[in-house]
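Q: Numbering (our numbering), first residue to last: 26 to 613.
Even glycine gets a Cβ: it sits at the ideal position worked out from N, Cα and C.
Here the structure is a predicted model, which is why all the values come from computation and not from measurement.
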Amino acid sequence: MRTALLSTTIWLVSLLVMVSSTQADTSTDFKHLIDQHWAWYLEQSPQTRSYLGDQASADRWDDASLAAHFERDARRGEFLDALADIDTAALDSTDQLNHAMLSRQLNSRRKRHELGLHLMTISMRGGPQQLYTIVEYTPFEDERDYRNWISRLQGVPLVLNQNRELLEEGIIRERVQPRVVMERIPAQLDKVITVNPEDSPFYKPFKSMPQGMNPQTVKELQRAARSAIENQVTPAYVEFREFFVSGYLPASRPNPGVGSLPGGEEIYRFLAQDFTTTSMTPEEIHETGKREVARILREMEVVKKSVGFEGDLHQFNNFLRTSPQFYYDTPEALLEGYLAVSKRIDPELVKLFGLLPRMPYGVKVIPKETAPDTTTAYYMQPAANGSRAGYYYVNLYKPEVRPKFEMEVLTVHEAVPGHHLQIALAQELDNIPMFRKMGSVTAFVEGWALYSERLGYQLGLYKDPYSRYGQLTYDMWRAVRLVVDTGIHYFGWSRREAIDYFLANAGKTETDIVNEIDRYIGWPGQALAYKVGQMKILELRERAMKAQGENFDIRAFHDELLGAGAIPLDALEKRMDAWMSQSPGNNT
Numbered sequence: 026m027r028t029a030l031l032s033t034t035i036w037l038v039s040l041l042v043m044v045s046s047t048q049a050d051t052s053t054d055f056k057h058l059i060d061q062h063w064a065w066y067l068e069q070s071p072q073t074r075s076y077l078g079d080q081a082s083a084d085r086w087d088d089a090s091l092a093a094h095f096e097r098d099a100r101r102g103e104f105l106d107a108l109a110d111i112d113t114a115a116l117d118s119t120d121q122l123n124h125a126m127l128s129r130q131l132n133s134r135r136k137r138h139e140l141g142l143h144l145m146t147i148s149m150r151g152g153p154q155q156l157y158t159i160v161e162y163t164p165f166e167d168e169r170d171y172r173n174w175i176s177r178l179q180g181v182p183l184v185l186n187q188n189r190e191l192l193e194e195g196i197i198r199e200r201v202q203p204r205v206v207m208e209r210i211p212a213q214l215d216k217v218i219t220v221n222p223e224d225s226p227f228y229k230p231f232k233s234m235p236q237g238m239n240p241q242t243v244k245e246l247q248r249a250a251r252s253a254i255e256n257q258v259t260p261a262y263v264e265f266r267e268f269f270v271s272g273y274l275p276a277s278r279p280n281p282g283v284g285s286l287p288g289g290e291e292i293y294r295f296l297a298q299d300f301t302t303t304s305m306t307p308e309e310i311h312e313t314g315k316r317e318v319a320r321i322l323r324e325m326e327v328v329k330k331s332v333g334f335e336g337d338l339h340q341f342n343n344f345l346r347t348s349p350q351f352y353y354d355t356p357e358a359l360l361e362g363y364l365a366v367s368k369r370i371d372p373e374l375v376k377l378f379g380l381l382p383r384m385p386y387g388v389k390v391i392p393k394e395t396a397p398d399t400t401t402a403y404y405m406q407p408a409a410n411g412s413r414a415g416y417y418y419v420n421l422y423k424p425e426v427r428p429k430f431e432m433e434v435l436t437v438h439e440a441v442p443g444h445h446l447q448i449a450l451a452q453e454l455d456n457i458p459m460f461r462k463m464g465s466v467t468a469f470v471e472g473w474a475l476y477s478e479r480l481g482y483q484l485g486l487y488k489d490p491y492s493r494y495g496q497l498t499y500d501m502w503r504a505v506r507l508v509v510d511t512g513i514h515y516f517g518w519s520r521r522e523a524i525d526y527f528l529a530n531a532g533k534t535e536t537d538i539v540n541e542i543d544r545y546i547g548w549p550g551q552a553l554a555y556k557v558g559q560m561k562i563l564e565l566r567e568r569a570m571k572a573q574g575e576n577f578d579i580r581a582f583h584d585e586l587l588g589a590g591a592i593p594l595d596a597l598e599k600r601m602d603a604w605m606s607q608s609p610g611n612n613t
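(1) Checking the sheet assignment: what are the DSSP bridge partners for residue 148?
(2) Where in the region 547 to 573 do unbroken runs of the alpha helix (DSSP H), each at least 4 residues long, occur, reported from the N-terminal end onward?
(3) Residue 231 to residue 250, Cα distance in whole Å?
(4) When you compare only the Cα positions, how much space is there between residue 556 and residue 126?
(5) Indicate the three-state DSSP secondary structure (helix, strand or coil) for residue 352 in the structure shown.
(6) Whose C-alpha, out of 226, 284 and 156, is nearest the C-alpha of residue 622?
(7) Shortest alpha-carbon distance to residue 423 belongs to which of 409, 416 and 400?
(8) Between which two residues does the alpha helix (DSSP H) harbouring residue 415 extend?
(9) When the distance is taken between beta carbons, is residue 520 closer than 8 Å to residue 546?
(10) Please determine, among 499, 241 and 81, the residue with the shortest C-alpha to C-alpha distance to residue 478.
(11) Drop a sphere of 10 angstroms on the beta-carbon of residue 241, count the other beta-carbons inside from all chains shown, and report buried for 16 or more, exposed for fewer.
(12) In whole angstroms, give me the CA-to-CA distance for residue 371 and residue 485.
(13) Rounded to a whole number of angstroms, what is the C-alpha to C-alpha distance between residue 569 and residue 576?
(14) Mapping DSSP to helix, strand and coil, what is residue 405?
(15) Note down, in chain order, each residue of its chain lying with its Cβ closer than 8 Å to the Cβ of residue 377, except the 5 sequence neighbours on either side.
(16) Give a single yes or no on whether residue 221 has its beta carbon closer than 7 Å to a heavy atom of the ligand COA.
(17) Given a cut-off of 8 Å, decide if residue 492 and residue 433 are closer than it, judged by their beta-carbon atoms.
(18) With a 10 Å radius around its C-beta and 16 neighbouring C-beta atoms as the bar for buried, classify residue 332 as buried or exposed.
(19) Would you tell me roughly how many angstroms separate the C-alpha atoms of residue 40 and residue 57, rounded to the nearest one?
(20) Say whether the region 399 to 416 touches the region 342 to 357, bearing in mind that this needs 3 or more beta-carbon pairs closer than 8 Å, one atom from each stretch.
(21) Cutting at 8 Å between CB atoms, please list the residues of its own chain near residue 603, excluding the five before and the five after it.
(22) Output the distance between the C-alpha atoms of residue 323 and residue 530, rounded to the nearest integer angstrom.
(23) Taking only three categories from DSSP, how would you classify residue 203?
(24) Check the C-beta distance from residue 451 over to residue 462 and give it rounded, since I have them as a contact under 8 Å.
(25) Could you check which residue in 132, 123 and 117 has the C-alpha nearest to that of residue 106?
(26) Keeping to the same chain, check which residues put their C-beta closer than 6 Å to that of residue 258; ignore five residues upstream and five downstream.
(27) Expressed to the nearest angstrom, what Euclidean distance is found between the alpha-carbon atoms of residue 198 and residue 288?
(28) Give the DSSP-derived three-state secondary structure of residue 422 in the structure shown.
(29) Considering only the beta carbon of each residue, do residue 205 and residue 543 sit closer than 8 Å?
(30) Could you give the distance in angstroms between the alpha-carbon of residue 454 and the alpha-carbon of residue 387?
(31) Residue 491 by DSSP, collapsed to three states: which one?
(32) Between 600, 120 and 507, which lies nearest to residue 301 when the distance is taken from Cα to Cα?
(33) Quick one: which unbroken alpha helix (DSSP H) runs of 4-plus residues sit fully inside the region 427 to 476? Chain order, please.
(34) What's the C-alpha gap between residue 472 and residue 593?
(35) What does DSSP give as the partner residues of residue 390 in its beta bridges?
(36) Sorted by chain position, which residues of the same chain lie with C-beta nearer than 8 Å to residue 585's C-beta, five sequence neighbours on each side aside?
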């Protein structure tokens with residue numbers, strides 16, 4: 026009997042050792058696969074490496090050719106096959122999430138390629154006409170950095186030809202951008218076609234070179250840059266512009282909605298679910314947006330009455346748009362206003378967060394070349410290696426249309442506790458791979474930033490009624506997006522219908538509204554992620570408060586919510602449900 030028991034025990038121990046060994050092998054294989062994928066991703070995207078602060082291939086541009094797109098698509102398929110061979114049951118919960126997220130990312134990019142979305146390579150917010158913007162996150166500290174940039178200048182003709190190849194294929198396959206947005210592109214191209222090379226935005230790094238550099242080297246580098254711009258960059262852009270105006274613009278689609286393309290309904294349904302990381306249909310999103318618009322309108326009425334304004338909301342919004350008291354006179358004064366708001370917020374963050382990022386952020390001005398076609402502000406995340414801080418970029422173009430009462434809510438969204446706090450924290454996490462640290466789940470990232478706007482009340486902001494109205498205006502802005510984005514791309518709205526709906530419900534200036542609508546037209550589905558993500562986070566917070574009662578700790582809730590980086594909303598809900606069930610005072 027003892028012998029049998031001993032044999033059984035030995036067998037069980039051996040089995041456990043084998044299982045443990047198998048699980049360890051699976052985990053090791055999976056981590057190796059993640060590393061392989063990340064190394065490949067960086068190798069095929071020199072521009073991403075520059076963005077991350079890695080200058081190992083800073084002398085090259087990404088290969089934008091049709092052949093390269095097909096090669097990348099095939100490689101993603103190989104990675105998906107390898108992922109399918111991994112026994113996810115043998116992975117721990119962290120690696121199961123890593124597996125799910127990498128699979129989701131690869132499948133998304135393969136689907137985009139299948140649908141031909143890579144052929145619509147140009148928009149008013151980016152594309153080959155704005156290659157020079159890479160200087161904003163490329164270091165220029167020594168001779169090598171400048172020579173790398175000269176090599177990139179010499180490579181501009183090839184990049185433009187590759188982009189032309191994509192656009193021409195897009196014409197053949199009926200994957201073209203809307204004309205109303207494309208009509209902005211020639212003016213953007215004109216900004217990089219200069220008579221004097223030193224006036225080119227590509228020459229910007231050579232206008233302020235390191236003081237310790239040898240004067241002869243400085244002159245040589247500047248001469249080489251001028252030559253590259255004059256003989257390669259400018260002629261290539263002249264040729265590209267001629268193709269764009271005579272070839273692409275006439276072929277661009279007259280209807281603003283992606284739904285007007287062959288297979289357009291499938292494209293939009295995919296994009297809506299891809300950006301929101303939900304199974305919501307365009308119809309459901311549209312109705313959700315209308316309900317949110319109605320709710321926020323009621324709150325706006327309360328604020329309007331509190332300041333004694335006797336007209337309706339349309340008249341109140343017009344009053345806010347046209348009264349000089351709400352605007353700065355100069356770009357310099359507007360910038361000072363943004364800086365002052367940022368300084369007020371920073372010390373208050375400890376009220377709401379137990380963990381704050383080590384990486385600082387700064388405030389920068391959106392370059393004048395892109396400002397007219399850019400929205401109010403945006404955020405640039407820190408370099409992964411710590412060589413560059415995060416930056417909150419503000420638009421100083423036409424200060425007379427940038428209201429003071431929106432500055433607090435905008436800063437909360439783009440800087441802290443919005444984008445910078447969330448993204449910098451994610452980059453500083455030790456337990457997640459680089460593809461997750463540097464990837465972007467739009468519904469989480471933008472949902473968090475929009476949720477953060479409401480945190481302004483707990484940070485001592487929005488003390489005057491106009492700033493409160495500014496917060497509601499921004500919330501309305503994102504609610505309207507649900508209606509107009511689906512309206513344009515799924516229900517066939519015209520551009521004018523979308524602008525009019527926006528004007529009727531949001532207290533933003535027409536300049537901002539037109540830029541916003543054109544952004545949605547050129548980037549279908551992306552604008553849906555903000556409100557959908559915010560509403561999920563608010564739902565989770567309400568559930569946590571109900572479950573934990575008096576034990577609810579807002580700092581602990583935020584730390585847990587941000588503790589895994591940016592993850593899909595279904596994964597976020599699962600994570601927070603587990604936290605709620607284990608937290609003290611759970612009443613469920």
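A: From the atom records:
(1) 151
(2) 554 to 573
(3) CA-CA distance, residue 231 to residue 250, rounds to 8 Å.
(4) 22 Å
(5) coil
(6) Any property of residue 622 remains undetermined from this structure, which presents the chain solely from 26 to 613.
(7) Nearest in C-alpha terms to residue 423, of all of 409, 416 and 400, is 400.
(8) Annotation for residue 415: no alpha helix (DSSP H) segment contains it, though the beta strand (DSSP E) segment containing it runs 415 to 419.
(9) yes
(10) If we check each option's Cα against that of residue 478, 499 comes out closest.
(11) Its Cβ having fewer than 16 others within 10 Å, residue 241 is exposed.
(12) Residue 485 has its alpha-carbon roughly 11 Å from the corresponding atom of residue 371.
(13) 10 Å
(14) strand
(15) Excluding residues within five positions, the ones whose Cβ falls inside 8 Å are 442, 480, 483, 484, 579, 580 and 583.
(16) This structure lacks the ligand COA; in fact it carries no ligand of any kind.
(17) Yes, these two residues count as a Cβ contact at 8 Å.
(18) Exposed: under 16 other Cβ atoms inside 10 Å.
(19) Any answer about residue 40 is weak, because its pLDDT of 45 lies below 50 and its placement is not dependable; what the coordinates show is given next. Roughly 25 Å between the two C-alpha positions.
(20) No: fewer than three Cβ pairs fall under 8 Å.
(21) none
(22) 11 Å
(23) strand
(24) 6 Å
(25) 132
(26) 178, 181 and 227
(27) 11 Å
(28) Here residue 422 sits in coil by DSSP.
(29) yes
(30) 21 Å
(31) helix
(32) Ranking 600, 120 and 507 by CA distance to the CA of residue 301 puts 507 first.
(33) Those alpha helix (DSSP H) runs which fall completely within the region 427 to 476 and span 4+ residues are 432 to 439, 444 to 453 and 459 to 463.
(34) The C-alpha of residue 472 lies about 11 Å from the C-alpha of residue 593.
(35) 419
(36) 600, 601 and 604
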